[in-house]
Amino acid sequence: MAHASALDAEGINNAVRFVIREENQGRETQVVRTLGNTELLTPKGICASEDGRYLFVCDSGHHKIKFAALPATSALARPEELLSGIEMFVFAGNGKKAWRDGPVLDCSFDSPAGVCQRADGTIVVADTGNNCIRHILRSTKGVLMVRTIAGGLASYRVPGHERAVESSDPDELRRFMRRNAGYRDGRRALFRSPSDVVEGGYVDGSCEVAAFRQPMGLCMGPRGTFFVSDRGNRCVRQVGGCLAQHSERRSDSLAYMWVRTIEVGVIPRSVLEAPVTTLEECAR
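The numbering of the sequence shown is my numbering, which starts it at 1 and goes up by one.
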């Protein structure tokens with residue numbers, strides 16, 4: 001909405017608030033308006049699409065991502081009248097407090113608390129309870145899919161290893177971990193158990209071995225990277241090495257390559273100057 005200058009997901013009041021510019025007797029003022037009938041439970045993360053047409057909200061208490069179509073600005077309607085016509089719908093998540101990748105309405109989250117949108121339309125989610133970063137994108141078959149891209153059980157094929165299971169069933173996770181114990185990121189071997197996924201941790205390196213503890217806020221950075229507020233580890237992490245818009249197997253391809261901890265206020269020069277990695281370069 002062109003009228004809105006700020007958005008806020010207010011968890012305590014289970015509300016979405018807009019800061020809206022209004023004219024009153026020829027003077028422009030800013031007022032706060034609440035979006036009604038959202039049926040949200042402790043919403044935390046919120047973002048608007050780049051074109052201003054859609055609103056995405058982390059419905060943390062219901063373990064879902066919701067969205068709303070924002071109305072176009074009209075000179076014939078007041079902003080509060082436009083807000084009253086907005087409805088929210090489920091965009092991703094089946095409402096179960098669990099971890100599961102797959103089609104958007106079959107997947108599971110655990111208290112997601114951060115959301116942002118890439119320039120290509122991909123939605124990135126900080127899945128706080130699962131200690132991982134997920135993204136939502138359209139597969140080549142036209143189906144919207146949720147994939148884990150860093151932390152937790154990153155659901156991409158690791159060279160020499162089996163594809164990660166797409167369920168949070170403890171027995172299935174244990175069998176998977178026994179078969180694939182000993183991931184390497186070039187510096188260390190990292191042995192994981194299902195409890196590591198639940199409790200999170202602190203590991204930089206490739207996305208498959210990276211560990212977070214309660215990732216919260218998200219924002220986009222330079223060259224397709226994005227920053228994560230890692231609440232449990234009290235630091236800011238950067239996820240990058242984005243593969244340029246990928247092959248036909250886009251929904252099954254690794255979208256990012258590395259996770260690093262950064263100093264607040266400092267963007268590493270090497271990241272700003274590095275070219276975007278391609279699939280061919282990754283294969284070498």
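For each residue, glycine too, the CB sits at the ideal point set by N, CA and C.
Assign Glu-39 to buried or exposed, taking buried as 16 or more other Cβ atoms, counted over all protein chains shown, within 10 Å of its Cβ. Taking the sequence shown and counting its residues from 1, one reaches residue 39 at position 39. Classification for Glu-39: exposed.
Between which residues of its own chain and Lys-44 is the CB-CB distance below 6 Å, once the five residues before and five after are set aside? Translated into the one-based positions of the sequence shown, residue 44 becomes position 44. Contacts found: Ala-9, Gly-11, Cys-58, Ser-60, Ala-113.
Can you say whether Pro-215 is buried or exposed, counting buried as having 16 or more other CB atoms within 10 angstroms of its CB? As a first step, residue 215 is located in the sequence shown; it is residue number 215 there, counting from the start. The residue is buried, with at least 16 neighbouring Cβ atoms inside 10 Å.
Tell me the DSSP secondary structure of Leu-83 in three-state form. Position 83 of the sequence shown, counted from the start, is the residue given in the question as residue 83. Here Leu-83 sits in helix by DSSP.
Go to Tyr-54, then tell me how far its beta strand (DSSP E) extends in each direction, as first and last residue. The count along the sequence shown starts at 1 and reaches residue 54 at position 54. Taken as a continuous stretch (DSSP letters only), the beta strand (DSSP E) holding Tyr-54 covers 54 to 59.
Checking 8 Å against the spacing of the C-beta atoms, do Gly-93 and Lys-64 come in under that value? The count along the sequence shown starts at 1 and reaches residue 93 at position 93. The count along the sequence shown starts at 1 and reaches residue 64 at position 64. Against a cut-off of 8 Å, the Cβ pair of Lys-64 and Gly-93 comes out as a contact.
Distance between Ser-84 and Thr-225 (C-alpha atoms, nearest Å): Residue 225 sits at position 225 when you count from the first residue of the sequence shown. Residue 84 sits at position 84 when you count from the first residue of the sequence shown. Computed Cα separation, rounded: 36 Å.
At the level of alpha carbons, what is the spacing between Val-203 and Glu-263? Position 203 of the sequence shown holds residue 203. Position 263 of the sequence shown holds residue 263. Each residue's Cα considered, the two are about 16 Å apart.
Buried or exposed: which applies to Cys-207, given that a residue is buried once 16 or more other Cβ atoms fall within 10 Å of its Cβ? As a position in the sequence shown, residue 207 is number 207, starting the count at 1. Under this definition Cys-207 is a buried residue.
Return the CA-CA distance between Ile-20 and Gln-30, expressed in angstroms with no decimal places. Indexing the sequence shown from 1 puts residue 20 at position 20. Indexing the sequence shown from 1 puts residue 30 at position 30. The straight-line gap from Cα to Cα measures roughly 5 Å.
Tell me, to the nearest whole angstrom, how far the beta carbon of Cys-107 is from that of Val-146; I am working on the premise that it is less than 8 Å. Locating residue 107 in the sequence shown gives position 107, where the first residue counts as 1. Locating residue 146 in the sequence shown gives position 146, where the first residue counts as 1. Under the criterion of beta carbons closer than 8 Å, Cys-107 and Val-146 qualify as touching, at roughly 4 Å.
Residue burial classification, Cys-219 (beta-carbon count within 10 angstroms, cutoff 16): By one-based count along the sequence shown, residue 219 stands at place 219. Cys-219 comes out exposed.
Between the alpha carbons of Ile-136 and Gly-26, how many angstroms are there, rounded? Along the sequence shown, one-based indexing puts residue 136 at 136. Along the sequence shown, one-based indexing puts residue 26 at 26. The alpha-carbon atoms of Ile-136 and Gly-26 are separated by roughly 44 Å.
Considering only their Cβ atoms, is the gap separating Thr-148 from Ser-138 smaller than 8 Å? Looking up residue 138 in the sequence shown gives position 138. Looking up residue 148 in the sequence shown gives position 148. Checking the sequence, you will find Arg at residue 138 rather than Ser. The answer is no: Cβ separation not under 8 Å.
Find the nearest neighbour of Gly-241 within the set Arg-213, Met-257, Arg-17, Asp-230, judged by alpha-carbon distance. By 1-based counting over the sequence shown, the position of residue 241 is 241. It is Met-257 whose Cα lies nearest to the Cα of Gly-241.
Look up Asn-130 in the DSSP assignment and say whether it is helix, strand or coil. As a working note, residue 130 is residue 130 in the sequence shown. Here Asn-130 sits in helix by DSSP.
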